[in-house]
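**Student:** Mind looking over this structure? Questions follow.
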Amino acid sequence: MKHIIIVILVLFLIPVASAQYSSDGFNLNAIKHDVIAGGVYVNGGHGVGTSPYSEVFENVPDGVTFARLYVGVKGGTKEATGWVTVVFNEHDLGTISLEGINDTNPNVYCSGNGEYWIYYDVTNHIANSNAVTITTGGEIDGRVKGTSLVAVYNDPSETDKEFWICEGNINLNYRTGHDDETIRFDGTITDEVKSATLWTMYLSGNEGVNDTLTFNNHLIAEDAADGGRMENGVHKWRDLCFDLDCWNVTDYRQSSNNITFDRGIDGYLQPVGAVLIMEYQNGHDGDSYTADNPLTTYRHGTLTGDLVYTIGDSKYSGRLHPNATYTVDFDIELPEQATVEFARLYAYWTWSYIEANGTYPDMRVSFAGEEINPDQTFTDRKGRPPYDYPAGTYCYDVTDQVGSGGTYTAVVENAASDFKKFSMDGIGLLVVYNDPDGGEIEYWIKEGCDIIYADKKGNITPEEATTKLVFEGEIHPDNVKRAILTTVVASGDKGENALLFNKKRYDGVYTGNPYRDLAIDERDVREHLIAQDNMVRIEDDGDYMIPSNAFLVVYHGSHPSSQSTPGFESLFTILTILVLIIVAKRMS
């Protein structure tokens, strides 16, 4: 089976995935999209309640690779402030200050009259039965509107599932006339699908009011957000706010899929999550090395400053046995007045196996002396023997650990309690920083893991083994001084490959520089920019490569024309002033 996914990145009219308050809210953004032999667990409960608020999530499968806990809190007003503390399976997840219109927490979406949707990474704390206790305080209303758990798990005995996990906090409301929003699940589905399931989460909704939910323009439900989860035709709870529902959308699936939330005559409607799961008939996500895991956008923004990416003293680790460690040192130099906007650590791993079977690693990572957990995990596995071993890019937020620059150490440990082994291609550190003495930049950060290999014996063409990604948005090429594209490609070492930026083609780009297991290419692509949605394609032609990162930085400011004469504008201005002075004297 072969799944070909073409990325279609769409700009929305309201913000996406940003840590700040917005009256109209934040559109739902796909924070994870992958194909897995296993599934996605979604559960939640139990409607509005007072603090302390408790819930239990039972029957979570083994093999969890990604899990997020979501908590909804009622602020009452956008000016009120307070706090929330969450304990999950006896692990204190910390206390967060809720600041309403001034909120800047990176894991908080706040909209409307102080309606909070908060997420926590609980991947390393998951059990079969999971208890959460939520406590609130301060000036806020403080009621808990509900909580949900979304977990991705591996199970080789199950069919392949392609899934999208989307989060945000949309505030559809009558006051601003914000009536509807459409969410697109990036990708083109070309294989036969056995079933399609859609989960929707709402922070606010009212029973008996005519809001609608459509899937690919087909009406799925009227009064979808009726404030009560429906299961087997029976409501598990009833209130006028939190709602979690599951919909069978198999009959309405298309090659490209979307949903639309419409408030109808509902005064307020707040969708906060959507999970789409496509179940394939059988087989793995491509018994071939085609491009099927497109890199996704982590962050796109503008600031006065710059970014720096380094792999420190990375090198190929070789085989890491249980308890073995891999260490990389980084030296980051930032301008004196610089402040860090955000920092990301990337662990590029490969060849994970136990005995003769591919498996996923048990990895423990520390940075600057602190153990850290990934907030994004990207994996790929091609299902073709004899090399059916997964590879991955694990992503970590290290903003709090990176200060004003200096020396940092990352350590990866094989934490397996059995005989699992894996190898490290390297570790990357990305720092995006503000600098009052710098220039204005626009940046795009792409993350992922896509194993590609053009193979004549396997009837895989270079066109099929091409990872495609789009730097979405509008720019003005005439106002750009430089445009630096950096691509990070694990295992790109033979030169049997190409990089395409829009219509410009560069052959033989990845030749094992700085070393054969991790190729990094940096080039100025200003001359080949287009005004809308610049595209990158990374093509394999018999090399075997794993595109893992792509960064585009556009440095704004007019670029001198080759036909212009330096200083002519200033000379013309001086002559104009002299003429005006002469005319004025003659008239006096």
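Residue numbers (the working numbering): 803 to 1390.
C-beta atoms are modelled at their ideal positions from N, C-alpha and C, and glycine is treated no differently.
1) On a CA-only basis, which of Arg1065, Lys1296, Gly1066 is nearest Gly1346? Give me that one, please.
2) Distance check for Tyr1148 and Arg986, CA to CA, integer angstroms please.
3) Within 10 Å of its beta-carbon, does Gln1083 have 16 or more other beta-carbons around it, so buried, or fewer, so exposed?
4) Rounding to the nearest angstrom, what Cα-Cα distance links Phe1221 and Ile936 in this structure?
5) Can you list, in chain order, the stretches of the beta strand (DSSP E) that have 3 or more residues and sit fully within the stretch 1304–1349?
6) Can you look up Pro1279 in the DSSP assignment and give me helix, strand or coil?
7) Return the Cβ separation of Gly1103 and Glu969 in integer angstroms, given the expectation that the two are a contact with Cβ distance under 8 Å.
8) Return yes when the Cβ of Asp1252 is within less than 8 Å of the Cβ of Ala1285, no when it is not.
9) Taking DSSP as the reference, what is the three-state secondary structure of Tyr1054?
10) Using the DSSP secondary-structure output, state which residues sit across from Phe828 in a beta bridge.
11) Counting C-beta neighbours from all protein chains within 10 Å, is the total for Arg1146 16 or more, i.e. buried, or is it exposed?
12) Report the partner residues of Lys1259 according to the DSSP bridge assignment.
13) Mapping the DSSP letters down to three states, classify Gly989 as helix, strand or coil.
14) From this set, Pro1137, Leu1078, His1123, Arg945, which residue's C-alpha is nearest Tyr1155's C-alpha?
15) For the putative contact between Ile838 and Lys963, defined by C-beta atoms under 8 Å, what is the C-beta separation to the nearest angstrom?
16) Once you ignore the five residues that flank Arg1065 on each side, which residues in its own chain have a CB closer than 6 Å to its CB?
17) So, with DSSP's three-state summary, where would you put Gly902?
18) How close, in whole Å, do the beta carbons of Val858 and Val875 come, if the pair is a contact with beta carbons under 8 Å?
19) Since Gly1107 and Asn1281 are thought to touch, with beta carbons under 8 Å apart, how far apart are those beta carbons, to the nearest angstrom?
20) Quick check on DSSP: helix, strand or coil for Thr925?
21) So is His1278 buried or exposed if we call it buried at 16+ other beta carbons inside 10 Å?
22) What distance in whole Å lies between the Cβ atoms of Pro1176 and Tyr1196, which are believed to be in contact at a cut-off of 8 Å?
23) DSSP three-state label for Leu1136, please.
24) Beta-carbon separation of Leu1287 and Leu1354 under 8 Å?
25) Mind checking which residues open and close the beta strand (DSSP E) that includes Cys1197?
**Tutor:** With the structure as the only source:
1) The residue labelled residue 1346 in the question sits at position 544 within the sequence shown. It should be noted that the sequence gives Tyr, not Gly, for residue 1346. When the alpha-carbon of Tyr1346 is set against those of Arg1065, Lys1296, Gly1066, the nearest one is in Lys1296.
2) Position 184 of the sequence shown, counted from the start, is the residue given in the question as residue 986. Position 346 of the sequence shown, counted from the start, is the residue given in the question as residue 1148. Arg986 and Tyr1148: Cα-Cα distance of roughly 27 Å.
3) Here residue 1083 refers to the residue found at position 281 of the sequence shown. It counts as exposed.
4) Working through the sequence shown from its first residue, we reach residue 1221 at position 419. Working through the sequence shown from its first residue, we reach residue 936 at position 134. Approximately 38 Å, taken between the alpha carbons.
5) 1306–1309, 1320–1326, 1334–1342
6) Against the sequence shown, residue 1279 aligns to sequence position 477. Helix.
7) Residue 1103 sits at position 301 when you count from the first residue of the sequence shown. Residue 969 sits at position 167 when you count from the first residue of the sequence shown. That pair is no contact at about 18 Å.
8) As a working mapping, residue 1285 is identified with position 483 in the sequence shown. As a working mapping, residue 1252 is identified with position 450 in the sequence shown. Taking a C-beta distance under 8 Å as the contact criterion, Ala1285 and Asp1252 do not qualify as a contact pair.
9) For the purposes of this step, residue 1054 is identified with residue 252 of the sequence shown, where counting begins at 1. Helix at Tyr1054.
10) Translated into the one-based positions of the sequence shown, residue 828 becomes position 26. Per DSSP, Asn971.
11) Translated into the one-based positions of the sequence shown, residue 1146 becomes position 344. In summary, Arg1146 is buried, with 16 or more beta-carbon neighbours lying within 10 Å of its beta-carbon over all protein chains present.
12) Against the sequence shown, residue 1259 aligns to sequence position 457. None; Lys1259 has no bridge partner.
13) Mapped onto the sequence shown, residue 989 falls at position 187. Coil at Gly989, not helix or strand.
14) Sequence index remark: in the sequence shown, residue 1155 carries index 353 (1-based). The closest CA to that of Tyr1155, considering only Pro1137, Leu1078, His1123, Arg945, is found on His1123.
15) Taking the first residue of the sequence shown as 1, we reach residue 838 at position 36. Taking the first residue of the sequence shown as 1, we reach residue 963 at position 161. Confirmed, Cβ separation roughly 6 Å.
16) In the sequence shown, counting from the first residue as 1, residue 1065 sits at position 263. Once the five neighbours on either side are set aside, the close Cβ partners of Arg1065 are Leu974, Asp981, Asp1013, Leu1071.
17) Position 100 of the sequence shown, counted from the first residue, corresponds to residue 902. Note: Gly902 maps to helix in three-state DSSP.
18) Residue 858 sits at position 56 when you count from the first residue of the sequence shown. Residue 875 sits at position 73 when you count from the first residue of the sequence shown. Their Cβ separation, rounded to whole angstroms, is 19 Å, which puts Val858 and Val875 out of contact at 8 Å.
19) Sequence index remark: in the sequence shown, residue 1107 carries index 305 (1-based). Sequence index remark: in the sequence shown, residue 1281 carries index 479 (1-based). Contact doesn't hold; Cβ gap of about 18 Å is too wide.
20) Here residue 925 corresponds to residue number 123 of the sequence shown, with the count starting at 1. Reduced to three states, the DSSP call for Thr925 is helix.
21) Numbered from 1 along the sequence shown, position 476 holds the residue referred to as residue 1278. Label assigned to His1278: exposed.
22) What you label residue 1196 is simply residue 394 of the sequence shown in a count that begins at 1. What you label residue 1176 is simply residue 374 of the sequence shown in a count that begins at 1. Between Pro1176 and Tyr1196 the Cβ distance is about 4 Å, and since that is below 8 Å, they are a contact.
23) Start at 1 with the first residue of the sequence shown, and residue 1136 comes out as number 334. Coil at Leu1136, not helix or strand.
24) Counting from one through the sequence shown, the residue named residue 1287 turns up at place 485. Counting from one through the sequence shown, the residue named residue 1354 turns up at place 552. Cβ atoms of Leu1287 and Leu1354: closer than 8 Å.
25) On the sequence shown, residue 1197 is found 395 positions in, with the first residue counted as 1. From DSSP, the beta strand (DSSP E) with Cys1197 extends over 1193–1199.
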